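Okay, structure first, notes after.
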Amino acid sequence: MKKAGLTIMVLMAILMITFTIVFYHSTTDNVVDSGGFWAYMYGKVSVPWPTYSAGVVFLMGLTMYISSWEQKAQRYN
């Protein structure tokens, strides 16, 4: 499970970087609108969902990696 979690984290990190580059909009109205959120007509706000979903799967891989750590089963008095 440790190797699987590490593999998922590496793949998703690569995909997040790739999706950020591919779905980047170089045209912005002003400095306030230059964030990762996109605003459309009628006040509708959208996020770049491929990058967001890759981040969610990255966190799942991190959870798998952390849950496979061995802990010392010692009691300290």
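If you're matching positions, the sequence shown starts at 1 in my numbering and goes up one per residue. Note that beta-carbon positions come from the ideal geometry of N, C-alpha and C, so glycine has one too. The model shown is predicted, which means the values in this text are computed figures rather than measured ones.
Item, Value
"What three-state label does DSSP hand Met-64 in the structure shown?", "helix"
"Under a three-way DSSP split, which group does Ala-13 fall into?", "helix"
"Helix, strand or coil for Phe-19? Go by DSSP, reduced to three states.", "helix"
"Gly-61 and Met-12 look like a contact to me (Cβ under 8 Å); what is the Cβ gap, rounded to whole Å?", "6 Å"
"With DSSP collapsed to three states, give me the class of Pro-48.", "coil"
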